[in-house]
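The structure appears below as C-alpha cells.
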Amino acid sequence: MSLSVARDVSEMVRPPRVVFAPFMMGHHFGVPFHRELQRRMIFEALDHLVHAQVSGETRVVPVTWAQARSEGRAIEERMK
Amino acid sequence: MTETSSPPEQLRSRLWHTINERYPGSMISKDDAVPLAPLRKPTRESRLTFVSTAGVQPKGSLPLDTVHPVGDYTFRRVPSTTKPADLEIHQIKYPTVGAHRDLNVIFPIERLQELVAEGAIGGLTRSFFTFIGYNMDPDRVERDLAVSIANAVQDEEADIALMCPA
C-alpha cells in the first residue's frame, strides 16, 4: 500500500495499491499539527487496502493542498 | 489505472520525466503491476509496518549518506515505539520544512501509535524501515535494498506494509 504525492511516478512504478493526495513533496500526511488530516490519510490507505479490486488501482483523496494549508494555519492560530 | 473519486492534479507535474531527463536511467518503471495480495485478516487484527524513503532515523544511529554521488543502498530501523524527539532526518531531496515542525507529516509514527491504542490497527512491527530515495542505480535498489527490506519486514511478521516515497 503506497501513499503518493507524485501520481505520474506511481503510475510508472505500478505498485499494487496507491492512495494519491495532491500535497507538497515531503508532506504526504498533510500539514504540521493537523492531527485529523494525518489520521485521515492513514485511514484512506487502510480502507483502500481492503477495497481495492485490481492491482494498480489508485484512490484519489478529494482534498487540495490549499485547503490543507488553510486548515493547518487555523489550527496553529488556535494553538497560540 | 482506475479512480475511485475526482482527480485533483499533483502539485509538480511530469516529475518522473523531469528527473529522468536530468539523471537518465535513474527512475524506475515497470510494464506490469505486482499481483494484488489479499488482506488475510481485518486491519484491527493486523500488524502494520511503515517503509519510507524519508531518511528518518534514531538520533545517534549511523547517518544515511545523503551526499554520496550514486546514493546510499542501506536502510535504518526505527523502533515503532520511538518518540519524534528521538528521531532526526538525513535526507536532502525533499522539502522537510513541515517535518521539522511536526514529523508526522511524513513519518506519522505518533498517529500510528494512537491508532493501535484505539484498536483501529492490531499492532505495529517492532521496527519501521527508512532509507533515502536518491539512488542512481534502480536495478541495485531492486536487487539489494528492496530485497533486504522485504526480508526484514517478513521477519517482523508484518501483515500490512504502508509505504511512503518521500
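Those protein sequences? They're chains A and S, same order as listed. When you line the first sequence up against our numbering, it's residues 1 to 80, in that order. When you line the second sequence up against our numbering, it's residues 1001 to 1166, in that order. We treat Cβ as the ideally placed atom computed from N, Cα and C, and that holds for glycine. Everything numeric in this text was worked out from a predicted model, so none of it was measured.
Is residue j closer than 8 Å to residue i when the C-beta atoms are compared?
i                       : j                       : result
residue 37 of chain A   : residue 1043 of chain S : no
residue 44 of chain A   : residue 31 of chain A   : no
residue 1156 of chain S : residue 1111 of chain S : no
residue 1026 of chain S : residue 1136 of chain S : yes
residue 48 of chain A   : residue 71 of chain A   : no
residue 29 of chain A   : residue 1108 of chain S : yes
residue 1082 of chain S : residue 1058 of chain S : yes
residue 1054 of chain S : residue 1106 of chain S : yes
residue 1 of chain A    : residue 1166 of chain S : no
residue 1047 of chain S : residue 1123 of chain S : yes
residue 1010 of chain S : residue 69 of chain A   : no
residue 1161 of chain S : residue 1051 of chain S : yes
residue 1133 of chain S : residue 27 of chain A   : no
residue 1016 of chain S : residue 9 of chain A    : yes
residue 78 of chain A   : residue 52 of chain A   : no
Nearest to residue i by CA position, among the options, is which residue?
i                       : options                           : result
residue 1032 of chain S : A:7, A:14 and A:10                : A:14
residue 1066 of chain S : S:1060, S:1145 and S:1094         : S:1094
residue 1118 of chain S : S:1096, S:1045, S:1090 and S:1063 : S:1045
residue 59 of chain A   : A:19, A:67, A:40 and A:42         : A:19
residue 1073 of chain S : S:1161, S:1012, S:1129 and S:1013 : S:1129
residue 1028 of chain S : S:1019, S:1035 and S:1055         : S:1019
residue 1086 of chain S : S:1039, S:1061, S:1071 and S:1148 : S:1061
residue 1159 of chain S : S:1034, S:1015, S:1008 and S:1039 : S:1039
residue 42 of chain A   : S:1034, S:1138, S:1121 and S:1014 : S:1121
residue 1034 of chain S : A:50, A:57, A:73 and A:67         : A:57
Provide the residue(s) that pair with residue i in DSSP beta bridges, ordered along the chain.
i                       : result
residue 1026 of chain S : In DSSP, residue 1026 of chain S forms no bridge with anything.
residue 1123 of chain S : S:1047
residue 1071 of chain S : S:1135
residue 1130 of chain S : S:1052 and S:1076
Return the first residue and the last residue of the alpha helix (DSSP H) that residue i is part of.
i                       : result
residue 1116 of chain S : 1109-1118
residue 1149 of chain S : 1146-1155
residue 1092 of chain S : Counting along the chain, residue 1092 of chain S falls outside any alpha helix (DSSP H), and DSSP gives it neither H nor E.
residue 36 of chain A   : 35-51
residue 1057 of chain S : First-last for residue 1057 of chain S: 1056-1058, but that is the beta strand (DSSP E), not the alpha helix (DSSP H).
residue 78 of chain A   : 65-79
Would you mind reading off the limits of the beta strand (DSSP E) that contains residue i?
i                       : result
residue 19 of chain A   : 17-20
residue 4 of chain A    : 2-4
residue 13 of chain A   : Taken as a continuous stretch (DSSP letters only), residue 13 of chain A belongs to no beta strand (DSSP E), being part of the alpha helix (DSSP H) at 7-13.
residue 1161 of chain S : 1160-1164
residue 57 of chain A   : 57-60
residue 1079 of chain S : 1076-1079
Measure the beta-carbon distance from residue i to residue j and round it to whole angstroms, keeping in mind my assumption that it falls under 8 Å.
i                       : j                       : result
residue 55 of chain A   : residue 1036 of chain S : 4 Å
residue 1076 of chain S : residue 1064 of chain S : 7 Å
residue 1056 of chain S : residue 1103 of chain S : 7 Å
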